[in-house]
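**Q** Before we start, here is the structure in question, set down as structure tokens.
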Amino acid sequence: MKIILVGANHAGTSFIRTLRTVNPNAEITAYDRNTNTSF
């Protein structure tokens, strides 16, 4: 499964972590307007 995430803020990174537990084989690409990601 290929997933594109727009907005890699705190909610976005939390979503990626949750998605990894549900579907560890997913191909995830995250885009954000900022150069650094929040944790």
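The sequence shown begins at 15 in my numbering and counts up by one.
From the three backbone atoms N, C-alpha and C, an ideal C-beta is built for every residue, glycine too.
Fair warning: this is a prediction, and the values are worked out from it, not measured in the lab.
Expressed to the nearest angstrom, what Euclidean distance is found between the alpha-carbon atoms of R47 and H24?
**A** 14 Å
**Q** At which residues does the alpha helix (DSSP H) containing A25 begin and terminate?
**A** Looking at the DSSP string, the run of the alpha helix (DSSP H) that includes A25 is H24 to V36.
**Q** Please state the DSSP three-state secondary structure of T43.
**A** strand
**Q** Report the option in E41, I42 and T27 whose CA atom is closest to the CA atom of N10.
**A** The shown model of the chain, from 15 to 53, leaves out residue 10, and the question about it has no answer.
**Q** A22 to Y45, Cα distance in whole Å?
**A** 6 Å
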